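Participant:
Residue numbers (my numbering): 137 to 421.
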C-alpha cells in the first residue's frame with residue numbers, strides 16, 4: 137500500500153512523526169559536527185598555551201645547548217596532564233634551525249640529531265612548512281587520513297630564532313569527550329521526541345477523525361441522506377470547521393429538497409386521484 141494512499145487518520149500523524157525524527161536527527165548531526173570541531177579547536181588552543189609557556193625557557197636552554205634541562209621542560213607538562221588523564225599531546229619535539237631534532241619528550245620516537253623529514257612523510261611536510269614560517273607566526277597542520285595534528289611554534293626572542301617547537305596532537309583523544317557530549321545530546325533529543333511524538337499523534341487523530349467521518353458521509357450522498365456531523369466534533373472556525381459548516385448546509389438543503397420532492401409527489405398523486413374521481417363521476421352521470 138502506497139504511503140500517500142493511506143487514510144489521513146494515519147498519514148498526518150505518521151508524516152508528522154517522520155518530520156520530527158528527521159528534524160531531530162539533522163539538528164543533532166549539525167550540533168555534533170560543531171561540537172567535534174570545537175573540541176579540536178580546544179585541543180589546538182591547549183597546544184598553543186603549552187607552547188607559549190615552554191617557549192621562553194626552551195630559548196634559554198637552546199642558547200646554552202642544555203639538552204637535559206630542555207628535555208625536563210618539555211617532558212614535565214606531558215607527565216603532569218597524563219597523571220590526570222587529560223593528555224592530548226602525543227609528543228613534543230624541539231628542532232633547531234637546521235630542522236634536526238634537538239630534543240623530544242619521547243626520544244625513541246624522535247632520536248636526537250635526526251633530520252625531522254626522516255621521521256616519515258608527515259614530518260617531511262612539517263619540515264617543509266617550518267621552512268616557510270615567519271618569525272612570530274605559529275600554525276597548525278592537519279593531513280588527510282592522518283591520526284595527528286601538528287602545532288608548530290617558532291622559538292624566538294628579540295628577532296632571533298633558534299628553532300621550532302612541534303606539539304604532536306592525537307586526534308583520537310577528542311573522541312571520549314565527543315562521545316560523552318553526543319550521548320548527552322542524544323538523551324535530550326530522545327526525551328524531546330518522547331514528549332512530542334505522542335502530542336503529534338493525539339493532535340493528528342483529533343484533526344483527522346472529523347475528516348474521516350466527513351468522508352464516510354460524503355460517500356453516502358446519492359444513496360441515502362447521511363447523518364449530521366456533531367458540531368462538538370470539531371468546534372473550531374478554521375478552514376476545516378468551515379468545511380463542516382458547508383457540509384451541514386448542503387445536508388440541510390438536500391433534506392429540504394427531499395421534503396419538497398415528497399410533497400410534489402403527494403400533490404401529483406392527489407391531482408391524479410381528483411382527475412380519476414371526476415372521470416368516474418362523469419361516466420356515472
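The beta carbon of each residue, even a glycine, is placed where N, CA and C say it ideally should be. Given the structure is predicted, the values throughout are model-derived calculations rather than measurements.
Rounding to the nearest angstrom, what Cα-Cα distance links residue 339 and residue 162 in this structure?
Facilitator: For residue 339 and residue 162, the distance between alpha carbons rounds to 24 Å.
Participant: Quick one: what does DSSP say residue 286 is sitting in, helix, strand or coil?
Facilitator: Note: residue 286 maps to strand in three-state DSSP.
Participant: Does the Cβ-Cβ distance between residue 205 and residue 215 come in under 8 Å?
Facilitator: No, they are not a contact pair.
Participant: My output table needs one value for residue 220: the three-state DSSP class, helix, strand or coil.
Facilitator: Any answer about residue 220 is weak, because its pLDDT of 43 lies below 50 and its placement is not dependable; what the coordinates show is given next. Coil at residue 220, not helix or strand.
Participant: If you follow the alpha helix (DSSP H) that residue 317 is in, where does it begin and where does it stop?
Facilitator: 310-356 is the span of the alpha helix (DSSP H), which, as asked, contains residue 317.
Participant: From the DSSP output, read off the bridge partner residues of residue 306.
Facilitator: Looking at the DSSP assignment, residue 306 forms a beta bridge with 284.
Participant: Near residue 250, which residues of its chain fall below 6 Å by C-beta distance, leaving aside the five closest residues on each side in sequence?
Facilitator: Excluding residues within five positions, the ones whose Cβ falls inside 6 Å are 237.
Participant: Return yes when the Cβ of residue 288 is within less than 8 Å of the Cβ of residue 274, no when it is not.
Facilitator: The answer is yes: Cβ separation under 8 Å.
Participant: What three-state label does DSSP hand residue 392 in the structure shown?
Facilitator: Helix.
Participant: What are the boundary residues of the beta strand (DSSP E) that includes residue 232?
Facilitator: Residues 225-232.
Participant: Here's the rule: buried if 16 or more other CB atoms are within 10 angstroms of the residue's CB, otherwise exposed. What is residue 380?
Facilitator: It is buried - the Cβ of residue 380 has at least 16 other Cβ atoms within 10 Å.
Participant: Under 8 Å Cβ to Cβ from residue 363, same chain only, skipping five residues before and after it: list those, please.
Facilitator: For residue 363, where only same-chain residues beyond five positions count, the Cβ hits under 8 Å are 353.
Participant: Can you tell me which of 373, 351, 357 and 375 puts its alpha carbon nearest to the alpha carbon of residue 389?
Facilitator: Measuring from the Cα of residue 389, the nearest candidate turns out to be 357.
Participant: Whose C-alpha, out of 365, 403 and 149, is nearest the C-alpha of residue 119?
Facilitator: Not covered by the structure: residue 119. The range shown for the chain is 137 to 421.
Participant: To which residues of the same chain is residue 188 closer than 7 Å at the C-beta, ignoring the five residues directly before and after it?
Facilitator: Excluding sequence neighbours, residue 188 sits near nothing in its chain.
Participant: Could you tell me the alpha carbon to alpha carbon distance between residue 347 and residue 143, rounded to whole angstroms?
Facilitator: Between residue 347 and residue 143, the C-alpha separation is close to 10 Å.
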